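Undergrad: If you read the sequence shown in our numbering, its first letter stands for residue 4, the second for the next number, and so on. Virtual Cβ for every residue (Gly too), placed ideally from N, Cα, C. None of the values given here were measured: they were computed from a predicted structure. Next up is a structure, given as C-alpha cells.
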Amino acid sequence: MMSALDREGYLLMDPVEFRARFRERTHHTLEIQTYAAIQAGKRLPEKQAETARKLSRLWVEKGLPTDLPDYLWGQRLISFADTLQAGGRVDLSAYAPRRLTPEEADFFHRVLRERRSVRHWTEEDVPDWMIDRILESGLWAAHSCNLQSIRFIVVREKGMPGLFKGSDIPGGPVHLVILQDERVYRANELMPVRNRLLDCGAAAQNMVLTAHALGLGGVWLTFSDKMVERLAERFRLPEMIKIVTYVDVGFPAQSPAPPGRIGLVEAVLERV
Ligand SMILES: Cc1cc2nc3c(=O)[nH]c(=O)nc-3n(C[C@H](O)[C@H](O)[C@H](O)COP(=O)(O)O)c2cc1C
4 MMSALDREGY
14 LLMDPVEFRA
24 RFRERTHHTL
34 EIQTYAAIQA
44 GKRLPEKQAE
54 TARKLSRLWV
64 EKGLPTDLPD
74 YLWGQRLISF
84 ADTLQAGGRV
94 DLSAYAPRRL
104 TPEEADFFHR
114 VLRERRSVRH
124 WTEEDVPDWM
134 IDRILESGLW
144 AAHSCNLQSI
154 RFIVVREKGM
164 PGLFKGSDIP
174 GGPVHLVILQ
184 DERVYRANEL
194 MPVRNRLLDC
204 GAAAQNMVLT
214 AHALGLGGVW
224 LTFSDKMVER
234 LAERFRLPEM
244 IKIVTYVDVG
254 FPAQSPAPPG
264 RIGLVEAVLE
274 RV
C-alpha cells in the first residue's frame, strides 16, 4: 500500500516530475519484467503491475490527459501483464521492425559516414517541416530510464540576428538549441549524473544525422558561458530548464572532405 504521505506527495507533485516518475517506475517495475516473462514464456508475478496501476490511478486523479503517449504506453504494458497473469500469450509481432536488406543496411552506413560538419550555408530558407523532423528525431533518441528531459528552442538567425554571436564560427541560418528539463531527473536520483549529458548527446547526434538525410548541412556547436547566459536571459528560462548544446542547420554551401577517423586497430583496446 502507498502511504498517505506518498499519495499526497504525488498529488501535489509538479506534472513534469510526476510523468517522469510514471515513466521511470513503469520502465523499472513492469516493462523490463514483462518482456522478460514474454521471452521466457513465463507467468508474471501477481503484483508485478501494482506500481504502474497505482501511478495510473494517480495520473487520472491529478487530472492529467489520458491520451498522452506515456500514459497509453503504461496502459499497454498493464494489458500485457494482465494477459500473462491470466496464462495468455502476448503477441509482439506487430511491433517487429522490418529487417533491413543488406543494401538498405549499406545505405544507412553510407548516410552515417557521409554526414559532415558543414559551416557555410546558402540563403535558402529551411522549411518548418524539416526543422520539425530534425527535432522529432532528437526526441526518438535513446534516453536514460525513458525520463525524456529533452526540450528545444528554435531560432532563425534573421528573426534574432546576433543572438548567437560568440561562437567560433558565424553560424547557420537556423539554430536548434537543445535544453533539458532537470525536473525529470528527480525521478531517479540514483542514476549517474553523466547520463544527463549522454541523453543530450544522443539527441544531438540523431539531429545532425537527420539534417544530413534531408539534404541539409548541420554542425554541432559549443556554447560559451556568456552565450548560455544571454540565451537564458532572452528566453527567461526558469532555473530547472538548462541549456546544454546546440546544432546549426541550413542548406549547405560547402562539402568538406571527411576528416577521417582513427581505425579499429587503434580504437579497440581489447577484444576477448
Ligand atoms: C560536442 C561537440 C562540440 C562541437 N563544437 C564545435 C564548435 O564549437 N565549432 C565547430 O566548428 N565544430 C564543432 N563541433 C564539430 C566537430 O568539429 C566535428 O564533428 C569534427 O571535426 C569531425 O568532423 P565531422 O563532423 O565532419 O565528421 C563539435 C562537435 C561536437 C560533438
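Considering only C-alpha positions, which residue in the set Val-275, Gly-77, Val-222 and Lys-245 is nearest to Arg-154?
TA: Answer by Cα proximity: Lys-245.
Undergrad: Answer with buried or exposed for Arg-239, where buried requires no fewer than 16 other C-beta atoms within 10 angstroms of its C-beta.
TA: Exposed, since its Cβ has fewer than 16 Cβ neighbours within 10 Å.
Undergrad: Please return the same chain residues whose Cβ sits closer than 6 Å to the Cβ of Thr-32, not counting the five positions on each side in sequence.
TA: Hits under 6 Å: Thr-54.
Undergrad: Whose CA, out of Leu-200, Arg-186 and Ala-216, lies closest to the CA of Phe-21?
TA: Of Leu-200, Arg-186 and Ala-216, the residue nearest in Cα terms is Arg-186.
Undergrad: What residues in its chain sit with their C-beta under 8 Å from that of Gln-257, if we drop five residues either side in the sequence?
TA: Hits under 8 Å: Val-121, Arg-122, His-123 and Gly-220.
Undergrad: Comparing the CB of Thr-32 with every heavy atom of ligand 1, is any distance shorter than 7 Å?
TA: Answer for Thr-32: no, Cβ out of range of ligand 1.
Undergrad: With distances taken from CA atoms, which of Gly-90, Glu-49, Val-250 and Glu-242 is nearest Pro-173?
TA: Out of Gly-90, Glu-49, Val-250 and Glu-242, Val-250 has the C-alpha closest to the C-alpha of Pro-173.
Undergrad: Between Ala-207 and Gly-253, what straight-line distance do the alpha-carbon atoms span, to the nearest angstrom?
TA: Each residue's alpha carbon lies about 16 Å from the other.
Undergrad: Can you tell me the Cβ-Cβ gap for Leu-234 and Leu-166, rounded? I've got them flagged as a contact below 8 Å.
TA: About 7 Å separates the two Cβ atoms, so the contact holds.
Undergrad: Between which two residues does the alpha helix (DSSP H) containing Gln-51 stretch?
TA: Segment: none, Gln-51 is in no alpha helix (DSSP H) and carries neither H nor E.
Undergrad: Give a yes or no on whether the C-beta atoms belonging to Leu-115 and Leu-212 are separated by under 8 Å.
TA: Against a cut-off of 8 Å, the Cβ pair of Leu-212 and Leu-115 comes out as a contact.
Undergrad: Can you give me the C-alpha to C-alpha distance between Leu-95 and Ala-260, rounded to a whole angstrom?
TA: Going from the Cα of Leu-95 to the Cα of Ala-260 covers about 44 Å.
Undergrad: Just checking Leu-217 against ligand 1 - is the residue's beta carbon closer than 7 Å to any of the ligand's heavy atoms?
TA: No; taking the cut-off as 7 Å, the Cβ of Leu-217 has no heavy atom of ligand 1 nearer than that.
Undergrad: Is it the case that the CB of Val-222 approaches a heavy atom of ligand 1 more closely than 7 Å?
TA: The answer is yes for Val-222.
Undergrad: Since Glu-49 and Gln-88 are thought to touch, with beta carbons under 8 Å apart, how far apart are those beta carbons, to the nearest angstrom?
TA: Glu-49 to Gln-88, Cβ: 6 Å. Contact.
Undergrad: What's the C-alpha gap between Ala-52 and Met-243?
TA: Cα-Cα distance, rounded: 31 Å.
Undergrad: Considering only C-alpha positions, which residue in the set Tyr-38, Arg-46, Gly-66 and Ala-40 is nearest to Pro-18?
TA: Among Tyr-38, Arg-46, Gly-66 and Ala-40, the Cα nearest to that of Pro-18 is on Gly-66.
Undergrad: Taking only three categories from DSSP, how would you classify Ser-152?
TA: If DSSP states are grouped into helix, strand and coil, Ser-152 belongs with coil.
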